[in-house]
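In terms of the working numbering, the sequence shown has 57 at position 53, counting the first letter as 1, and numbering is strictly consecutive.
Even glycine gets a Cβ: it sits at the ideal position worked out from N, Cα and C.
The structure presented is a predicted model; accordingly, all values stated were derived computationally and were not measured.
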Amino acid sequence: MSAFIAAGGSTAPYPITNDGWFPDLDGQHLRESLRLDGSITDARLETAAVNAVIEVNRELKSWKVQQLAAGNASLADVPADEIQGESQLLHLYRRAIYCSAGAELAERMRDYSATGDGAERAEALTPTADEYRRDARWAIRSILGRVHTTVELI
């Protein structure tokens, strides 16, 4: 029976190291937050998380430079309100990373099956990937102090 149980993900915590200014991440917390089962291996989760870190850090690079110039040695040092004893910026940063990784994983889930059921599941996941992207975008915009929508007259 164990041949039918997905056992790719561990329950042991493992760090995903960052650049030293932005915080390191906990891969197990990422797995739990996204409610991922064992069908997503730690290696696959780590790849998605590293890609998300690269992209989010790139988008926040100019803002990070401004914060360094203001004397903030890390994201945790940037003045912000606290929620659950932690800077809201740290919560938003993790949300941006987790949602970006979640979007990538949701898209990649499509390659598991080429059957009709697999195609239907892929269609069901498309809004999820889009929702993850939206949430990541909103978290980044909140860190930057911008509103969530941009409206232009045509």
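DSSP-derived helix/strand/coil call for residue i
i, result
"SER78", "coil"
"SER37", "helix"
"LEU148", "helix"
"GLY106", "helix"
"GLU111", "helix"
"ALA133", "helix"
"LEU157", "coil"
"THR45", "coil"
Short Cβ contact (8 angstroms threshold) for residue i with residue j
i, j, result
"LEU34", "TYR97", "no"
"LEU72", "PRO27", "no"
"ALA133", "GLU111", "yes"
"ALA100", "VAL69", "no"
"TRP1", "SER104", "For residue 1 there is no data in the structure shown, the boundaries of the chain being 5 and 158."
"ILE144", "GLU63", "yes"
"ASN55", "GLU108", "yes"
Paired residues, beta bridge with residue i - DSSP
i, result
"LEU29", "ILE20"
Straight-line Cα distance separating residue j from residue i
i, j, result
"LYS65", "GLY106", "22 angstroms"
"LEU49", "ALA74", "34 angstroms"
"ASP81", "LEU148", "15 angstroms"
"ASP30", "ASN22", "11 angstroms"
"SER43", "ARG138", "25 angstroms"
"ALA47", "ALA53", "10 angstroms"
"GLU156", "ALA16", "48 angstroms"
"VAL57", "GLY89", "23 angstroms"
"ILE9", "PRO19", "At ILE9 the pLDDT is 42, less than 50, meaning the model places this residue with poor confidence; the figure from the coordinates comes in the next sentence. Computed Cα separation, rounded: 26 angstroms."
"ALA84", "VAL151", "17 angstroms"
"THR153", "ASP41", "33 angstroms"
Minimum Cβ-Cβ distance from residue i to chain B less than 8 angstroms
i, result
"GLY31", "Any reference to chain B falls outside this structure, which holds one protein chain only."
Please specify which runs of the alpha helix (DSSP H), each continuous and at least 4 residues long, are wholly inside the region 54-102, giving them in chain order. Counting whole runs of 4 or more residues, the region 54-102 contains the alpha helix (DSSP H) stretches 65-73.
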